[in-house]
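One structure below.
Residue numbers (mature numbering (1 follows the signal peptide of the UniProt record, and there is no 0)): -20 to -1, 1 to 84.
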């Protein structure tokens, strides 16, 4: 019984150490390390350029119903292509789950 408890405590300790290194758990953007929520358009551009290793060519604010909105950025990515990315204004991360998965 003591071995089981010791094993569980060891596992929990490892999990805590791993989560302490996770920038998102610390309230930081995973690429730039900036504190969340991001507060300026400049910080959003910096975050997306970091994530996509490209240059932002255009920024638009898209209004949804009510008070909801997001950034739509056009990014010149390596290889010379333009990619349109819808971005959460607080986290600086893509809104599309497939985009998030592709970045991982």
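Just so it is clear, CB atoms sit at the ideal spot from N, CA and C, and this is done for glycine as well.
Exposure of residue 81, with buried meaning 16 or more beta-carbon neighbours within 10 Å: When all chains shown are included, residue 81 counts as exposed.
Per-residue DSSP class, three states only, for residue 83: It is helical.
Residue 37, buried or exposed, once every other Cβ within 10 Å from all chains shown has been counted against 16: By the neighbour-count rule (16 or more Cβ atoms within 10 Å), residue 37 is not buried but exposed.
C-beta contact flag for residue 41 and residue 32 at 9 Å: 9 Å or more divides the Cβ of residue 41 from the Cβ of residue 32.
Simplified DSSP assignment, three categories, for residue 33: Three-state result, residue 33: coil.
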